[in-house]
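Colleague: In terms of the numbering used here, the sequence shown opens at residue 241 and continues consecutively. My questions will all concern the structure given below.
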Amino acid sequence: MLNILQKNNLTRRISAIQLLCLSWLVIFFSGQLQADNVISKTGTKKPAFELVVLGDTGGIQDGNLSAFLLRDINEQHYISLDAGTLVNGINIAQQHNAFADLTVIQDPQWSTTGNILRQHIKGYLISHGHLDHVAGLLISSPEDSAKPIYALPSVNQTLIDTYFNWKAWANFTNKGLPPRLNQYQLVDLVPKQSQTITDTSLKVTAFSLSHPLESTAFVIEKDQDLFVYLGDTGPDQVEKQGKLKALWQYLAQQLQHKHLRGLVIEVSFTNQRPDNLLFGHLTPKWLIQELTQFHTLIDDKSKIKDLQVIISHIKYTMKNGPDPREQIKQQLNQGNLLGFKFVLATQGQRLHL
Ligand SMILES: [Zn+2]
Ligand SMILES: [Zn+2]
Numbered sequence: 241m242l243n244i245l246q247k248n249n250l251t252r253r254i255s256a257i258q259l260l261c262l263s264w265l266v267i268f269f270s271g272q273l274q275a276d277n278v279i280s281k282t283g284t285k286k287p288a289f290e291l292v293v294l295g296d297t298g299g300i301q302d303g304n305l306s307a308f309l310l311r312d313i314n315e316q317h318y319i320s321l322d323a324g325t326l327v328n329g330i331n332i333a334q335q336h337n338a339f340a341d342l343t344v345i346q347d348p349q350w351s352t353t354g355n356i357l358r359q360h361i362k363g364y365l366i367s368h369g370h371l372d373h374v375a376g377l378l379i380s381s382p383e384d385s386a387k388p389i390y391a392l393p394s395v396n397q398t399l400i401d402t403y404f405n406w407k408a409w410a411n412f413t414n415k416g417l418p419p420r421l422n423q424y425q426l427v428d429l430v431p432k433q434s435q436t437i438t439d440t441s442l443k444v445t446a447f448s449l450s451h452p453l454e455s456t457a458f459v460i461e462k463d464q465d466l467f468v469y470l471g472d473t474g475p476d477q478v479e480k481q482g483k484l485k486a487l488w489q490y491l492a493q494q495l496q497h498k499h500l501r502g503l504v505i506e507v508s509f510t511n512q513r514p515d516n517l518l519f520g521h522l523t524p525k526w527l528i529q530e531l532t533q534f535h536t537l538i539d540d541k542s543k544i545k546d547l548q549v550i551i552s553h554i555k556y557t558m559k560n561g562p563d564p565r566e567q568i569k570q571q572l573n574q575g576n577l578l579g580f581k582f583v584l585a586t587q588g589q590r591l592h593l
């Protein structure tokens, strides 16, 4: 009798242990599934980059002009791709929890915004000298920390001639009119030549773009992963310089052994804008035409199946009438025969790519 009781007790204990194991396994695997869901926004791959939108418009609305922070997802240091809006963009991004995964260095002398700008932005990549791409950099410079500015030689020249000249602004750089405050070290990029970005694991290769003054596309590289940021650009068929084609050819070749995680490109105007009034900008029609050119150059089309095409630089307007952002969204969707994944950049938004 005692024996049977003991046996029953033992069986019960074993079942309890089995149940515990089983529930632990269920928790473990559901946790794994959840983790996989979080990181699988770009298909089955883990994200390689984090992008924070500091400014999404291409003009008119001060406080929301072209600027994007990009970092290697495993690092705590960003680069700023253009710098139309910095401080207001960082403030709005904080309100949207865009820095949730960043361990912000807390220097008690500075606010969180100050610490993000000073400690976590390790350099600026400036596409061209138009004010809507540099206003934030100029305005925040009195409280910024020392760091490099990477740009094509003509763009760096515009910065020192036009802004850092002791007339428009004090010369915070290490070149141009003395006295030089040496806060920003101007680094001239050689087109199509890779350059390491100090204090990050990233490299950049610059390509010239057609615009009323020289603009730039930056191909950012981290091991086998690529991210591309294009400053303002007109379409090749209007500009007649073949500059976008050169970029698409380079990327198509890189894609034979690398992954393209994301692309930021401008659409300034709706399709209603006539070609003679583009002033070096794209419309939905022209963007899709350019992306189609790129698509035809790629051998293995599955390589860009999950590519997110992030739309920047939509011109804000104060005129009454249809919202250009809504119109551009519709026109992109209507013309999207190849199934590109368009994302309209929104200030304060964070993307894992
Ligand atoms: Zn612009
Ligand atoms: Zn411009």
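Note that beta-carbon positions come from the ideal geometry of N, C-alpha and C, so glycine has one too.
Going residue by residue through the region 510-593, where are the continuous alpha helix (DSSP H) segments of at least 4 residues, counting only ones entirely within it?
Modeller: 524-537, 564-575
Colleague: Quick check on DSSP: helix, strand or coil for residue 453?
Modeller: coil
Colleague: Kindly examine ligand 1 and report whether one of its heavy atoms sits closer than 7 Å to the Cβ of residue 520.
Modeller: no
Colleague: Quick one: complete alpha helix (DSSP H) runs, 4+ long, within the region 427-474?
Modeller: Listed in chain order, the alpha helix (DSSP H) runs fully inside the region 427-474 amount to none, counting runs of at least 4 residues.
Colleague: Determine the closest residue to residue 470 out of 421, 460, 343, 574, with distance taken between C-alpha atoms.
Modeller: 460
Colleague: Can you find the residues in the same chain that come closer than 8 Å, C-beta to C-beta, to residue 428, ignoring five residues on each side of it along the sequence?
Modeller: 391, 392, 393, 396
Colleague: Measuring from the CB of residue 298, is there a heavy atom of ligand 1 at a distance below 7 Å?
Modeller: yes
Colleague: Can you tell me whether residue 497 is buried or exposed? The criterion is at least 16 other CB atoms within 10 Å of its CB, across all chains shown.
Modeller: exposed
Colleague: Evaluate residue 229 with the Cβ neighbour count: other Cβ atoms within 10 Å of its Cβ, from every protein chain shown; 16 or more gives buried, anything less gives exposed.
Modeller: The structure shown does not extend to residue 229, since the chain is modelled only from 241 through 593, so no value can be given for it.
Colleague: Measuring from the CB of residue 351, is there a heavy atom of ligand 1 at a distance below 7 Å?
Modeller: no
Colleague: Any heavy atom of ligand 2 closer than 7 Å to the beta-carbon of residue 224?
Modeller: Outside the shown range of the chain, which is 241 to 593, sits residue 224, and nothing can be said about it.
Colleague: For residue 306, which beta-bridge partners are listed by DSSP?
Modeller: In the DSSP output, where bridge partners are listed per residue, residue 306 has none listed.
Colleague: Looking at residue 531: is its Cβ nearer than 8 Å to the Cβ of residue 549?
Modeller: yes
Colleague: If I'm right that residue 387 touches residue 317 with Cβ under 8 Å, what's the distance once you round it to whole angstroms?
Modeller: At roughly 10 Å, the Cβ-Cβ gap does not stay under 8 Å, so residue 387 and residue 317 are not in contact.
Colleague: Pull up the distance between the alpha-carbon of residue 301 and that of residue 554, whole angstroms please.
Modeller: 11 Å
Colleague: Could you tell me whether the region 470-483 touches the region 441-458, where touching means 3 or more Cβ pairs closer than 8 Å?
Modeller: yes
Colleague: Excluding the 5 residues flanking residue 277 on each side, which residues of the same chain have their C-beta closer than 8 Å to its C-beta?
Modeller: With a pLDDT of only 33 at residue 277, under 50, the local geometry of the prediction cannot be trusted, and the value read off the model is given with reservation. Around residue 277: no qualifying Cβ.
Colleague: Around ligand 2, which residues pass a check of Cβ closer than 5 Å to any of its heavy atoms?
Modeller: 370, 472
Colleague: Starting from residue 379, trace the alpha helix (DSSP H) both ways and give me its first and last residue.
Modeller: 371-380
Colleague: Considering only residues of the same chain and omitting the five flanking positions on each side of residue 402, which have a CB-CB separation below 7 Å?
Modeller: In its chain, beyond the 5 residues on either side, 369, 408 have a beta carbon closer than 7 Å to the beta carbon of residue 402.
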